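Just so we're aligned, residue 19 is where the sequence shown starts under my numbering, counting upward by one.
Backbone N, C-alpha and C define an ideal beta-carbon position, used for all residues, glycine too.
This one's a predicted model, so the numbers in the text were calculated from it and none came from an experiment.
In what follows, a single structure is set out as structure tokens and then discussed.
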Amino acid sequence: MANHNEKASRMYYFVDIDCSSLAIIGWGMEPKESVEVQLTAGFHRVFLSRGQYNKLVRQLEAN
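Take a look at the structure:
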């Protein structure tokens, strides 16, 4: 059985940004096996470390 750290290391943490308005349009985490890398034109996906992702989510949810 995989421990918590092994499970977490198999995830990609990301933020999706609309390049024209510079707005965050989404965020989340996906397993490395099924992560979507190519997005619709005009959007960009930025990958984060788990700690950066958790800090960002706390900030976004606080507002």
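- Using the Cα positions of Val53 and Asn81, report the straight-line distance between them to the nearest angstrom. By one-based count along the sequence shown, residue 53 stands at place 35. By one-based count along the sequence shown, residue 81 stands at place 63. Between Val53 and Asn81, the C-alpha separation is close to 28 angstroms.
- Please check the pair Phe85 and Asp36, which I expect to be a contact at CB under 8 angstroms, by giving their CB distance rounded to whole angstroms. With the chain running from 19 to 81 in the structure shown, residue 85 is simply not present.
- Task: Determine the burial state of Val33: buried for a count of at least 16 other Cβ atoms within 10 Å of its Cβ, exposed for fewer.
- Result: Within the sequence shown, residue 33 is the residue found at index 15, counting from 1. So Val33 ends up on the buried side.
- Is it true that the CB of Tyr71 sits closer than 7 angstroms to the CB of Lys50? On the sequence shown, residue 50 is found 32 positions in, with the first residue counted as 1. On the sequence shown, residue 71 is found 53 positions in, with the first residue counted as 1. No, Cβ-Cβ distance for Lys50 and Tyr71 is not below 7 angstroms.
- Nonlocal neighbours in the same chain, by C-beta distance under 8 angstroms from Glu48, ignoring five residues either side: Position 30 of the sequence shown, counted from the start, is the residue given in the question as residue 48. Correct list, in chain order: Met29, Tyr30, Phe32, Glu54.
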